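**Q** Dumping the structure here so I can ask a few things about it.
2 protein chains.
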Amino acid sequence: MIDYAQMLKERGLKATFQRMNILSVVDKYGHMSVDDIYAEVCKVHPSLSLATIYKNIILMMEKGVLVEVPIVGKKSKYELAKADHMHLICTECGMVEDKICGEKTDTIFQDISKKEHFNLHKRQVNLYGVCEKCQMKEAS
Amino acid sequence: MIDYAQMLKERGLKATFQRMNILSVVDKYGHMSVDDIYAEVCKVHPSLSLATIYKNIILMMEKGVLVEVPIVGKKSKYELAKADHMHLICTECGMVEDKICGEKTDTIFQDISKKEHFNLHKRQVNLYGVCEKCQMKEAS
DNA sequence: CTTCATGCAAATAATTTGCAGTAAG
DNA sequence: CTTACTGCAAATTATTTGCATGAAG
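Protein chains in written order, with the working numbering: chain A, 13 to 152; chain B, 13 to 152.
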């Protein structure tokens, strides 16, 4: 169980009800768009404003709590900042699943960066395809 | 030299002046946002409409001529469809550079997909960091 | 208490749409 | 000629901002 309040205070942000809930639903569902977050948090806090979501997402990204996951053909999703990983993205249902990268890819990326004199900060690997569930549906 | 007219006709699209120019500037500069394209093509075709750019980008993506490159914290860029590759993206100046992936990463991605019963269609690898030029600037 | 965060409403930016006129084949 | 494409203007959607009120520490 993650302590969202502490997570926020450590970065100098007040632990408001709204922020706690944003973190909690992002944590629960893994990857959410602005609208997903809004819809979900509204269930427990109906007077929530979209502007608050936008302001907080930007703020929490600056503070390194949230990370943007831009996706081909859709609005970005957001996830909690965590160890580097790749995404399997289903182009049918929109599902996003985390997968740990492993050292091998890591080494490859670092070698390339070194060769190009590129100061690498962050990797982003997205694999687009059709997930097992959607393959089932299509077959039927 | 790429024959843009043929490229378009092969996919059942008319080879208009606008489309030829969009392809030509994207080809020339490698990676461009909607606004970049608009600004550039306007130089040779001042009466161009932004709506035309949007319509054509969508159309050409459907026909597999253009590919979207979504980027953290910015508007997407577009590139000509070509062999799989990764992107080095400079977070200072916005530069995007192509790099060929190599078989090693390819194999890793396919293995993971197989293990997850994921039907892989498309890879997207973006490495974010600071390019050589911007490192120079910072140092000075 | 004091400061920072929220929610609203209004402003701005980004994208899409409908349609009459125009150009490609 | 005929169909598809463009450009405009209007509509829609997405995001940002300013400010008065309210909550956190």
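C-beta atoms are modelled at their ideal positions from N, C-alpha and C, and glycine is treated no differently.
If you're wondering where the values come from, they're calculated on a predicted model, not measured in any experiment.
Look at the alpha carbon of B:F121 and the alpha carbon of A:L139, and state the distance between them as a whole number of angstroms.
**A** For the purposes of this step, residue 121 of chain B is taken as residue 109 along the second sequence, with counting starting at 1. For the purposes of this step, residue 139 of chain A is taken as residue 127 along the first sequence, with counting starting at 1. Near 8 Å, if we compare the C-alpha coordinates of A:L139 and B:F121.
**Q** Thinking C-beta only, is B:G141 closer than 8 Å to B:T103?
**A** Along the second sequence, one-based indexing puts residue 103 of chain B at 91. Along the second sequence, one-based indexing puts residue 141 of chain B at 129. Cβ distance < 8 Å, so B:T103 and B:G141 count as in contact.
**Q** Which residue from B:I65, B:Q18, B:M44, B:I112 puts its Cα closest to that of A:S125?
**A** Counted from its first residue, the first sequence places residue 125 of chain A at position 113. Nearest option by C-alpha distance: B:I112.
**Q** Distance cutoff 8 Å, beta carbons only. Does B:T103 sit that close to anything in chain A?
**A** Position 91 of the second sequence, counted from the start, is the residue given in the question as residue 103 of chain B. By this cut-off, B:T103 is an interface position.
**Q** What residues in the stretch 124-141 of chain A bring their beta carbon closer than 8 Å to a beta carbon of chain B?
**A** From the stretch 124-141 of chain A, only I124, S125, E128, H129, F130, N131, L132, H133, K134, R135, Q136, V137, N138, L139, Y140, G141 have a Cβ closer than 8 Å to chain B.
**Q** Chain A partners of B:V108, CB-CB under 8 Å?
**A** Position 96 of the second sequence, counted from the start, is the residue given in the question as residue 108 of chain B. Those do not exist, as B:V108 stays about 12 Å from chain A at its closest Cβ, beyond 8 Å.
**Q** I want to see whether chain A comes within less than 8 Å of B:E115, judged by CB atoms only; does it?
**A** As a position in the second sequence, residue 115 of chain B is number 103, starting the count at 1. For B:E115, the answer is no, since every Cβ of chain A falls outside 8 Å of its Cβ.
**Q** Please list the terminal residues of the continuous alpha helix (DSSP H) segment that includes A:I112.
**A** Indexing the first sequence from 1 puts residue 112 of chain A at position 100. Taken as a continuous stretch (DSSP letters only), A:I112 belongs to no alpha helix (DSSP H), being part of the beta strand (DSSP E) at 108-112.
**Q** Checking 8 Å against the spacing of the C-beta atoms, do A:I65 and A:L78 come in under that value?
**A** Taking the first residue of the first sequence as 1, we reach residue 65 of chain A at position 53. Taking the first residue of the first sequence as 1, we reach residue 78 of chain A at position 66. Taking 8 Å as the Cβ cut-off, A:I65 and A:L78 do not qualify as a contacting pair.
**Q** Using a Cβ-Cβ cut-off of 8 Å (strictly less than) and excluding sequence neighbours within five positions of A:R31, which residues of its own chain qualify?
**A** By 1-based counting over the first sequence, the position of residue 31 of chain A is 19. Correct list, in chain order: Y16, L20, L25, N68, M72.
**Q** In whole angstroms, what separates the C-alpha of A:A51 from that of A:K94?
**A** As a working mapping, residue 51 of chain A is identified with position 39 in the first sequence. As a working mapping, residue 94 of chain A is identified with position 82 in the first sequence. Answer to the nearest angstrom: the Cα atoms are 24 Å apart.
**Q** Against chain B, which members of the stretch 68-86 of chain A pass a CB distance test of less than 9 Å?
**A** Those would be M73, V79, E80, V81, P82, I83, V84, G85, K86, in chain order.
**Q** Quick one: Cα of B:C105 to Cα of B:C146, how far?
**A** Residue numbering aside, residue 105 of chain B sits at position 93 when the second sequence is read from its first letter. Residue numbering aside, residue 146 of chain B sits at position 134 when the second sequence is read from its first letter. Going by the C-alpha atoms only, they are around 7 Å apart.
**Q** By Cβ distance, which residues of its chain are closer than 8 Å to B:S36, with the 5 residues on each side in sequence left out?
**A** For this step, residue 36 of chain B is matched to residue 24 along the second sequence. So the qualifying residues of the chain are Y16.
**Q** Hey, is A:L62's beta-carbon within less than 8 Å of any beta-carbon in chain B?
**A** Reading the first sequence from its first residue, position 50 is the one you call residue 62 of chain A. No, because no Cβ of chain B sits closer than 8 Å to the Cβ of A:L62.
**Q** Verify the CB distance criterion: does A:Q147 have a CB-CB separation below 8 Å to chain B?
**A** The sequence position of residue 147 of chain A within the first sequence is 135, counting from 1. Judged by the 8 Å Cβ criterion, A:Q147 is in contact with chain B.
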